[in-house]
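For reference, the structure is listed below as structure tokens.
Numbering (the numbering used here), first residue to last: 56 to 342.
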């Protein structure tokens with residue numbers, strides 16, 4: 056029997072894999088969106104969210120309900136949610152109140168759901184909780200500091216700085232347990248010196264790294280997101296500094312209809328040739 060809890064085999068499930076607009080975007084008539092409406096399946100992408108070992112939730116978009124409804128995971132067991140930043144496609148605060156009593160009856164393990172976030176997300180969650188007079192025993196937020204590790208549900212979690220909209224207090228998360236480690240790195244462009252320095256000093260290479268590939272096979276120079284070419288260069292850099300090696304699994308996610316070749320069937324072989332796994336909604340990777 057696989058023992059995810061104790062970390063012998065870690066897994067990550069990609070519940071949602073799109074940028075803000077989703078694919079297909081609701082009012083869009085572009086080729087990517089029309090194709091997704093027709094083909095469905097892996098071409099349809101909801102807003103980005105992930106789940107580690109059925110216990111650690113990453114981000115809380117408006118699509119969380121669909122992810123919960125479509126999954127066989129007992130979400131009542133989730134007590135930890137890591138927020139990467141406060142943009143609404145990663146933190147939909149209006150829905151955090153569904154964890155309050157009478158909205159949710161949690162009998163077996165009534166511990167609060169704890170959100171971990173940078174200052175912006177922390178304030179949004181706490182302001183919502185207080186405005187609705189919801190006790191901390193139902194849910195609450197804690198503010199994280201980049202490069203200061205904390206423990207949640209037996210996992211060692213280290214936030215590091217992202218390069219994204221500064222007002223959203225963006226962070227990326229390194230999650231460790233039982234000798235396994237993953238790096239969830241989306242909504243960022245190439246890392247700053249502080250994050251690269253931290254990654255270069257890891258005791259051992261990371262087992263899995265998730266990268267932002269918002270623009271698919273396009274060639275871009277935008278700040279805050281990346282494309283396949285830039286992800287490939289970053290992958291090579293991470294290997295060169297010892298943060299990854301030939302055994303590290305690299306997964307691409309957070310796709311937008313604005314990118315070239317982002318249709319799953321078009322993009323997957325392009326990414327595979329560069330050594331990447333292409334995430335789709337529902338993909339589970341074990342390592």
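Yeah, the Cβ is synthetic: ideal placement off N, Cα and C, and Gly gets one too.
| field | Whole-Å CB distance - residue 289 paired with residue 245, under 8 angstroms assumed | value | Counting from 1 along the chain shown, the entry for residue 289 is found at position 234. Counting from 1 along the chain shown, the entry for residue 245 is found at position 190. That belief holds up - the Cβ atoms of residue 289 and residue 245 are roughly 6 angstroms apart, short of 8 angstroms.
| Taking the DSSP output, what are the residues bridged to residue 147? | The sequence position of residue 147 within the chain shown is 92, counting from 1. DSSP output for residue 147 lists no bridge partner at all.
| request: Whole angstroms is fine: what's the gap from residue 193's alpha carbon to residue 121's? | output: Position 138 of the chain shown, counted from the first residue, corresponds to residue 193. Position 66 of the chain shown, counted from the first residue, corresponds to residue 121. Approximately 22 angstroms, taken between the alpha carbons.
| said: Out of 132, 72, 223 and 235, which one is the CA nearest neighbour of residue 299? | reply: For the purposes of this step, residue 299 is taken as residue 244 along the chain shown, with counting starting at 1. Taking only the C-alpha atoms, the option nearest residue 299 is 235.
| query | Looking only at C-alpha atoms, which of 74, 63 and 69 sits nearest to residue 280? | reply | Position 225 of the chain shown holds residue 280. Nearest of 74, 63 and 69 to residue 280, Cα basis: 74.
| Beta-carbon separation (whole angstroms), residue 90 vs residue 83, contact threshold 8 angstroms | To locate residue 90, count along the chain shown from 1; it is residue 35. To locate residue 83, count along the chain shown from 1; it is residue 28. Contact doesn't hold; Cβ gap of about 11 angstroms is too wide.
| query | Where does residue 216 sit, in a helix, a strand or coil, going by DSSP? | reply | As a first step, residue 216 is located in the chain shown; it is residue number 161 there, counting from the start. Strand at residue 216.
| query | Helix or strand or just coil, what does DSSP make of residue 226? | reply | Sequence index remark: in the chain shown, residue 226 carries index 171 (1-based). Reduced to three states, the DSSP call for residue 226 is strand.
| message | Assuming residue 338 is part of the beta strand (DSSP E), what are its boundary residues? | response | Counted from its first residue, the chain shown places residue 338 at position 283. It spans 338-341 - the beta strand (DSSP E) in which residue 338 sits, taken as one unbroken run.
| request: Please say whether residue 340 and residue 306 have beta carbons closer to each other than 8 angstroms? | output: Indexing the chain shown from 1 puts residue 306 at position 251. Indexing the chain shown from 1 puts residue 340 at position 285. Yes, the pair counts as a contact, with Cβ atoms nearer than the cut-off.
| Closest by CA to residue 68, which one among 103, 107 and 80? | Position 13 of the chain shown, counted from the first residue, corresponds to residue 68. Closest by alpha carbon: 107.
| field | Distance CB(residue 197)-CB(residue 214) smaller than 8 angstroms | value | By 1-based counting over the chain shown, the position of residue 197 is 142. By 1-based counting over the chain shown, the position of residue 214 is 159. Contact flag unset, no.
| So, are the CB atoms of residue 262 and residue 303 less than 8 angstroms apart? | The residue labelled residue 262 in the question sits at position 207 within the chain shown. The residue labelled residue 303 in the question sits at position 248 within the chain shown. Against a cut-off of 8 angstroms, the Cβ pair of residue 303 and residue 262 comes out as a contact.
| field | Where residue 124 falls, given that 16 or more other Cβ within 10 Å makes a residue buried | value | For the purposes of this step, residue 124 is taken as residue 69 along the chain shown, with counting starting at 1. Under this definition residue 124 is an exposed residue.
| Pick from 297, 155, 167 and 150 that is closest to residue 252, judged by C-alpha positions | Within the chain shown, the letter at position 197 stands for residue 252. Selected option, being the one with the closest Cα: 297.
| What's the gap between the Cα of residue 210 and the Cα of residue 183? | As a working mapping, residue 210 is identified with position 155 in the chain shown. As a working mapping, residue 183 is identified with position 128 in the chain shown. Cα to Cα, residue 210 sits roughly 27 angstroms from residue 183.
| Nearest to residue 140 by alpha carbon, out of 115, 158 and 247? | Start at 1 with the first residue of the chain shown, and residue 140 comes out as number 85. The option with the nearest alpha carbon to residue 140 is 115.
| query | Cα separation between residue 216 and residue 315? | reply | One-based indexing of the chain shown puts residue 216 at position 161. One-based indexing of the chain shown puts residue 315 at position 260. Those two C-alpha atoms are separated by around 28 angstroms.
| task | Specify the secondary structure class of residue 195 as computed by DSSP and reduced to three states. | result | Locating residue 195 in the chain shown gives position 140, counting from the first residue. Strand.
| request: Write down the C-beta distance between residue 117 and residue 147 rounded to the nearest angstrom, noting that I regard them as a contact closer than 8 angstroms. | output: As a first step, residue 117 is located in the chain shown; it is residue number 62 there, counting from the start. As a first step, residue 147 is located in the chain shown; it is residue number 92 there, counting from the start. Yes, residue 117 and residue 147 are in contact; Cβ-Cβ is about 4 angstroms, under 8 angstroms.
| Which residues in the same chain have their Cβ closer than 7 angstroms to the Cβ of residue 63, if we skip the five residues on either side of it in sequence? | Residue mapping note: residue 63 aligns to position 8 of the chain shown, counting from 1. These residues qualify, in order along the chain: 233.
| task | Taking all protein chains shown into account, decide if residue 129 is buried (16 or more other Cβ within 10 angstroms of its Cβ) or exposed. | result | Working through the chain shown from its first residue, we reach residue 129 at position 74. It counts as exposed.
| query | When you compare only the Cα positions, how much space is there between residue 238 and residue 187? | reply | Looking up residue 238 in the chain shown gives position 183. Looking up residue 187 in the chain shown gives position 132. The straight-line gap from Cα to Cα measures roughly 34 angstroms.
| said: Tell me which residues share the same chain as residue 152 and place their Cβ nearer than 6 angstroms to its Cβ, disregarding the 5 neighbours each side in the sequence. | reply: Along the chain shown, one-based indexing puts residue 152 at 97. Taken in chain order, the residues that qualify are 187.
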